[in-house]
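Numbered as in this note's numbering, the sequence shown ends at 246 without a single skipped number. A virtual CB, placed ideally from N, CA and C, is assigned to each residue, including glycine. In this text the structure is predicted, and so the values were computed from the model without any measurement.
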Amino acid sequence: MMDPAIVASAVTHTFGSGPTAFTALHAIDLEIRPAEVLLLIGPSGSGKTTLLHILGCLLHPTGGSVVLHGKPTRSLDEDQLGALRLQHFGFVFQAYNLFPVLTATENVMVAFDLMGVSKRVARERACELLTMVGLGNRLDAYPSQLSSGQKQRVAIARALAGDPQILMADEPTAALDAENGLKAMELFQLLAHRQQRAVVIVTHDPRIMHLADRIVRIEDGRIAPEPAAAPVSPPLAAGAPS
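If you want it as structure tokens, here you go:
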């Protein structure tokens, strides 16, 4: 079995201080594993997105620790965390964060530019990724010319630009119809199962639950225990009353 990509131990996070302080997460223990699609589910306000941000090194926990590939992250400053995110993570958020003055292809090329990839190679790879997510016929479209679902698929393609070891997604299928949501999940599964990536998805979408390798439910900032399996009744003896 491969070592975990991320290990969160006793992770707690409190927003604010004093009488207005709010603790969003309470002593969360969680492993993120390569080659697995993990869904984080739970009601709004349960702490799912806060946990995603902490696992993705976008936010320091106020308590506990996050270890990435065996290395603690707590002592890293913002520049070091930024370099870590660029090296290891791809992110897809609810807000698409697309540049309105750039085409779909150019929006994906931005990620390659941050990695120092040449413009020619960046354009080729951006076109490949957009075709993979079903936008091969919209390469030159601007965000204002795209539907919500299409914008989300551009964001997914951009997140894949760095061939990330860990992909973090916040409601990536929420704006997609059933067919395109399934295509997005199939892409996440491809990254996890064939390329050994760890994929973590915050979702409310019941259509994709069956595609997860593991589901963790967050309630009131805590991991909810898995429901106990229903007891199996012994078979009735022949001739016994039913």
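Counting along the chain, no alpha helix (DSSP H) covers Phe97, and no H or E run does either. Buried is the label assigned to Lys52, since at least 16 other Cβ atoms lie within 10 Å of its Cβ. In summary, Arg124 is exposed, with fewer than 16 beta-carbon neighbours lying within 10 Å of its beta-carbon over all protein chains present. When rounded, the separation of the alpha-carbon atoms in Gly120 and Ala228 is 43 Å. Phe192 carries a helical assignment under DSSP once its states are collapsed to helix, strand and coil.
Gln200 sits away from His92, with the two beta carbons spaced by 7 Å or more. Assignment of Arg142 by DSSP, reduced to helix, strand and coil, places it in the coil class. Inside the segment 167 to 227, DSSP marks whole beta strand (DSSP E) runs of 3 or more residues at positions 170 to 174, 202 to 206, 218 to 223, from first to last along the chain. The continuous alpha helix (DSSP H) containing Ala130 extends over residues 123 to 136. For Glu230, there is no enclosing beta strand (DSSP E), since its DSSP letter is neither H nor E. Nearest neighbour of Ile222 by Cα position, chosen from Gln193, Tyr146, Pro47, turns out to be Pro47. If you check the CB distance, Ala216 and Leu43 come in under 7 Å.
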